[in-house]
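K.L.:
First, the structure itself, so that you have it in front of you.
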Amino acid sequence: MHFTSQESHSKLSKPEANLAAAPKADRIANKPIWRTRQGEGISLSDFINRPLVGTPGSRDRMATPALVIDLPAFETNLAAMAAHCEKYRLKLRPHAKTHKCAEIARRQIAAGALGVCCAKLGEAEALGAEGIDGILLTSPIVTPFAVERLMVLNAKLDDLMVAVDNPENATALAAAAEAAGKPLQVLMDLDVGLHRTGIAPGDEAHALARQMEESPHLHFKGLQAYAGHLMHVEDFTERREKSLAVMKMLGDMRDRLEGDGIACGILSGGGTGTFDIDVEANVLTELQGGSYVFMDKQYNDVDGPEGRSLADAFQTSLHVQMSVVSNNTPKLATTDAGFKSFSTDAEPPVLSDGAPEDAKYFFFGDEQGGIMLSSANEKLALGTTLTAVTPHCDPTVNLYDAYHVLDGNTLVDIWPIEARGRSA
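Under numbering that gives the first Met the number 0, the first residue of the sequence shown is numbered 0, with each subsequent residue one higher.
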């Protein structure tokens, strides 16, 4: 992959004439995220490691800490999820909040995905500027300036949808779409137990769906239902029982709406933690799983059926690579990857390569991590390369500017994370 210049996307950077009323929103939506000129957004580690691409043995020469992808494992995961969806005649719209990367989105689409989901408008803007379409915004877009930006993005993309859970928001979006001159595709977001976003199934949801279906400026496409509170329920039996109950809620709401003449062509939801359960209910039309491309400690701890785990379904392809920088204390080594290199919303990272099997990582400060060894006779040499499984892949990815893509011991490419930090 080559870094994209501003010029190569000039056709995406020109405000449409009919959107002149929102020039500030248009400028924000078109701000280049990644450029080729030094000092304009590419990380220092990318400048250092770029000359190593293609050199045998380059993995152990890389500047660290670095976010690395095991390319064969990554490609295996893409193929596994694509085969799963094909087997069950389920469409795939993977969640790009996991990777925030246009190159990965392209590869998912090439493997059969409809497009991608984005959690935030900024993510959708960044990926849309890189030519990604078929985007579903899974979170509400409600503030006036955000709605302006949404209309700019809607004008640029052929296939943009947004989840809506409130009649006031639906009214505002319809008015903005009318002013912009292009209808907006919408899904109604159902609250199926997480209570983070969504409207509870019932009369109010029915009224909201009717409101959007009758608006000439909104194209009502169906329903979204995401049970994020169930994705990491470790016990398979419990997770299955609760997930199937969620699918029943979704199916019942669909039946109620369609019985009233409101078509629900899209039923979008599910995730990596329930990918093999969601298909049992035969309700979803598309799956939103995202973490399957990488996996992490949280998902590796989730049980699958018949004594298996999710780690048996998808390989861990994402790691943080670090180097030993000090080793003077017995039974201890210090690395260059600390709090700033991993998400801290879960347990510490798990060492995966380069250290004794019983060695443990612990946070040793902002910039450093500690490696506790079981014996004073063990010592990690200065410069030793170590890798660790991320505790939680999504927020860890958001700490880095790029992925370093490895095939065996060779750095084969560097992929920018265009939507890093685009949470607004």
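For glycine and all other residues, C-beta sits at the position ideal for the given N, C-alpha and C.
1) From residue 62 to residue 47, what does the alpha carbon distance come to, in whole angstroms?
2) Answer yes or no: do residue 294 and residue 308 have a C-beta to C-beta separation smaller than 8 angstroms?
3) Can at least three beta-carbon pairs, one atom from the stretch 178-196 and one from the stretch 143-157, be found at a separation below 8 angstroms?
4) Measuring only the C-alpha atoms, how far is residue 262 from residue 221?
5) State the start and end residues of the unbroken beta strand (DSSP E) segment that holds residue 374.
6) Which runs of the beta strand (DSSP E) at least 3 residues long sit entirely within the stretch 98-186? Give them in chain order.
7) Please state whether DSSP places residue 36 in a helix, a strand or coil.
8) If contact is defined by three or more beta carbon pairs under 8 angstroms, each pair taking one atom from either stretch, is the stretch 75-87 in contact with the stretch 390-399?
9) Would you say the stretch 372-385 touches the stretch 98-111, given that touching needs at least three Cβ pairs under 8 angstroms?
10) Quick check on the burial criterion: 16 or more other C-beta atoms within 10 angstroms. Buried or exposed for residue 71?
11) By the 10 Å Cβ neighbour count, where 16 or more other Cβ atoms means buried, how is residue 271 classified, buried or exposed?
12) Report yes or no: do the stretch 190-202 and the stretch 215-232 share at least 3 C-beta pairs separated by less than 8 angstroms?
13) For the stretch 234-306, which segments carrying the beta strand (DSSP E) assignment without a break, of at least 3 residues, lie completely within its bounds, in sequence order?
14) From 108, 395 and 56, pick the residue whose C-alpha is nearest to that of residue 81; which is it?
15) Let me know the secondary structure DSSP gives residue 418 once reduced to three states.
16) At the level of alpha carbons, what is the spacing between residue 301 and residue 357?
17) I believe residue 93 touches residue 289 by the beta-carbon criterion, under 8 angstroms. Please report the beta-carbon distance rounded to the nearest angstrom.
18) Could you give the DSSP three-state label for residue 69: helix, strand or coil?
19) Are three or more beta carbon pairs between the stretch 231-244 and the stretch 154-171 nearer than 8 angstroms?
20) Note down, in chain order, each residue of its chain lying with its Cβ closer than 6 angstroms to the Cβ of residue 248, except the 5 sequence neighbours on either side.
21) List the DSSP bridge partners of residue 222.
22) Spatial neighbours of residue 324 within its chain, please: C-beta separation below 6 angstroms, excluding the five flanking residues on both sides.
23) Please state whether DSSP places residue 380 in a helix, a strand or coil.
24) I'd like the span of the alpha helix (DSSP H) that includes residue 202, first residue to last.
25) Determine the DSSP secondary structure at residue 230, reduced to helix, strand or coil.
26) Please check the pair residue 186 and residue 267, which I expect to be a contact at CB under 8 angstroms, by giving their CB distance rounded to whole angstroms.
27) Run the CB neighbour count on residue 211, radius 10 Å, all protein chains shown included, and call it buried at 16 or more, exposed below.
28) Can you tell me which of the three DSSP states residue 434 falls into?
29) Quick one: grab the DSSP three-state call for residue 400.
30) What are the residues that DSSP puts in a beta bridge with residue 46?
31) Among 422, 330 and 120, which one has its Cα closest to the Cα of residue 146?
P.N.:
Here's the rundown:
1) 7 angstroms
2) no
3) yes
4) 7 angstroms
5) Per DSSP, residue 374 belongs to no beta strand (DSSP E) and is neither H nor E.
6) 115-117, 134-136 and 159-163
7) Because the pLDDT at residue 36 is just 32, under 50, the model does not fix this residue reliably, and the value given afterwards should be weighed accordingly. It is coil, neither helix nor strand.
8) no
9) no
10) exposed
11) buried
12) yes
13) 265-268
14) 108
15) coil
16) 22 angstroms
17) 5 angstroms
18) strand
19) no
20) 191 and 200
21) 187 and 266
22) 333 and 335
23) coil
24) 202-213
25) coil
26) 6 angstroms
27) buried
28) Here the chain comprises residues numbered 0 to 423, so residue 434 is not present and cannot be evaluated.
29) coil
30) Looking at the DSSP assignment, residue 46 forms no beta bridge with any residue, so it has no partner.
31) 120
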